[in-house]
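Q: The number in our numbering is simply the position in the sequence shown, starting from 1, with 4 added.
Backbone N, C-alpha and C fix where the C-beta goes; we use that ideal spot for every residue, glycine too.
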Amino acid sequence: MRAGARLSGRRPGAAAGPSRRGLLLGAGVLPMAALLAGCGFRLRGAAQFPFRSIAVTGVPGVAAELRRALRGQGDLKVLANTDPVTEAEAVCELSDEARTSAILSTNSTGQARDLSISLQISYRLRTKDGRELIPKTPLSLSRDISYNENTVLAKEAEQNFLYRDMMQDMAQQLVRRLAAAKPPAAS
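(1) Is the beta carbon of Ala158 closer than 8 Å to that of Pro54?
(2) Excluding the 5 residues preceding and the 5 following Tyr151 in the sequence, name in chain order all residues of the same chain whose CB lies nearer than 7 Å to its CB.
(3) Can you tell which of Glu93, Ala59 and Ile149 has the C-alpha that lies nearest to the C-alpha of Ala106?
(4) How long is the line joining the alpha carbons of Gly65 and Leu129, rounded to whole angstroms?
(5) What residue range is occupied by the uninterrupted alpha helix (DSSP H) comprising Asp169?
(6) On the CB-based measure, 16 or more other CB atoms within 10 Å of its CB, does Gly114 come out buried or exposed?
(7) Would you call the CB atoms of Asp141 and Ser126 closer than 8 Å?
(8) Using 8 Å as the limit for Cβ to Cβ distance, is Leu34 near chain B?
(9) So, is Val43 buried or exposed, given that buried needs 16 or more other C-beta atoms within 10 angstroms?
(10) Using a Cβ-Cβ cutoff of less than 6 Å, which residues in the same chain neighbour Gln124 once the five nearest sequence positions on both sides are dropped?
(11) How big is the Cα-Cα spacing for Ile58 and Ala94?
(12) Could you tell me the distance, in whole angstroms, from the CA atom of Leu39 to the CA atom of Gly32?
(13) Would you kindly report the start and end of the unbroken beta strand (DSSP E) that includes Pro139?
Structure representation (structure tokens):
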């Protein structure tokens with residue numbers, strides 16, 4: 005055998021052309037692409053809101069995350085928390101934040117082994133003149149975490165990270181829910 009004959013990845017004497025694996029891969033990818041295109045699949049773009057400006061009030065952590073998420077949504081003007089609420093077409097009011105934790109399981113000595121932490125808020129969307137677009141609605145997220153008394157500081161940092169992550173997830177869910185709100189009826 006010549007030196008370097010196996011570098012091409014083909015057997016000696018094999019025909020130079022499309023490989024069977026390449027043909028099978030191509031035969032599988034093209035129908036899948038056609039199916040995805042045919043079913044209406046497309047990447048999510050910027051949300052379309054039934055209002056041009058919004059003020060977010062209430063719970064500081066979630067409100068800041070929601071403002072940040074809304075600023076990345078195209079032409080929507082997001083008022084700063086110091087601006088008067090009356091300048092916005094819509095007002096999202098966040099309230100009733102609650103952080104809870106519950107023991108899911110214990111070890112043989114009765115010490116906590118797994119925890120469930122959760123974050124709950126309520127939100128409401130109204131126009132600046134008080135017409136309700138979305139009534140007061142609760143929103144809740146939870147995460148499970150393993151717990152070890154020997155690493156209390158690390159687990160506390162992990163819990164704080166998970167709460168921040170839940171606030172970001174909650175903000176993204178709120179963006180989608182606000183975009184789905186029905187525009188106010190003309191009066």
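A: Inspection of the coordinates gives the following:
(1) In this structure, Pro54 keeps its C-beta atom at 8 Å or more from the C-beta atom of Ala158.
(2) For Tyr151, same chain residues with a beta-carbon under 7 Å away, outside a window of 5 residues either side, are Ala116, Arg117, Asp118, Leu119 and Lys159 in chain order.
(3) Of Glu93, Ala59 and Ile149, the residue nearest in Cα terms is Ile149.
(4) Distance between the alpha carbons of Gly65 and Leu129 is about 18 Å.
(5) Run containing Asp169: Val156 to Ala183, per the alpha helix (DSSP H) assignment.
(6) The residue in question, Gly114, is exposed, as its Cβ has fewer than 16 Cβ neighbours within 10 Å.
(7) In the sequence as presented, Asp is not what sits at residue 141; that position holds Thr. With respect to Ser126, Thr141 sits close: the two C-beta atoms are nearer than 8 Å.
(8) Structure shown: chain B not included; a single protein chain is present.
(9) Note on identity: in this sequence residue 43 is Cys, with Val being the wrong assignment. That one is exposed.
(10) Here the set comprises Ala102 and Ser144.
(11) When only Cα atoms are considered, Ile58 and Ala94 end up about 5 Å apart.
(12) Put simply, the backbone Cα of Leu39 is about 11 Å away from that of Gly32.
(13) Note, Pro139: beta strand (DSSP E), Glu136 to Ser150.
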